[in-house]
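First up is the structure itself, then whatever we jot down about it.
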Amino acid sequence: MADGARKYTDLTREVSRNLAKLRADIPEPLAGFSALARTATQPGALDTKTKELIALALGVAAHCDACIGFHMQALLKAGATRLEIEEALGMAVYMGGGPSLMYAANAVAAYEEMAPALQPGTATA
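In terms of my numbering, the sequence shown opens at residue 4 and continues consecutively.
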C-alpha cells in the first residue's frame, strides 16, 4: 500500500466518499455502526488514545489498510507519539505474526505521511 506519498490520506478520503454513498443507501445500519464507534471510543476506564492504539493494532492484525489510515489519523489527533504507536504495532506483530509485520510497516508509512500535517513538529517523537 504505502509505496508513494499521500497514499493513506487518499485512501481514507476515498473510503469516506464511498461510505457517504452507503449512508445514503442504507442509513440505518450505518447509523448503528456510527453509534457503536462513538460509544466504543469515548473515554472511560481507557482513554481515547489507548482505545485508538488498540484499534490500530487490530486493524494491522486484520490487514485493513483503511483501518490503519483512519485510526492513525485519530491517534495523531489524540497526541500519540511515534514510540507509542510503534509499541502498539509490536503487540500487533506479536499477536498476528508475519502478515501483521507487513501491515505494521504500512502503519509506520501512514504515520510518516500523516504526522507532519496533523501533528506538526512531532513526526519523529
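For each residue, glycine too, the CB sits at the ideal point set by N, CA and C.
Around the CB of M98, fewer than 16 other CB atoms lie within 10 Å, so the residue is classed as exposed. Straight through space, the alpha carbons of H66 and G93 are spaced by roughly 15 Å. Judged by their CB atoms, M117 and L61 are not nearer to each other than the 8 Å cut-off.
When DSSP states are grouped into helix, strand and coil, P46 belongs to the coil group. Taking F73 as the centre and dropping the five residues before and after it, the same chain places the C-beta of T15 closer than 7 Å to its C-beta, in chain order.
A residue is called buried when at least 16 other Cβ atoms come within 10 angstroms of its Cβ; L56 meets this threshold and is buried. Collapsing the DSSP output to three states places A64 in a helix.
Secondary structure of I57 (DSSP, three-state): helix.
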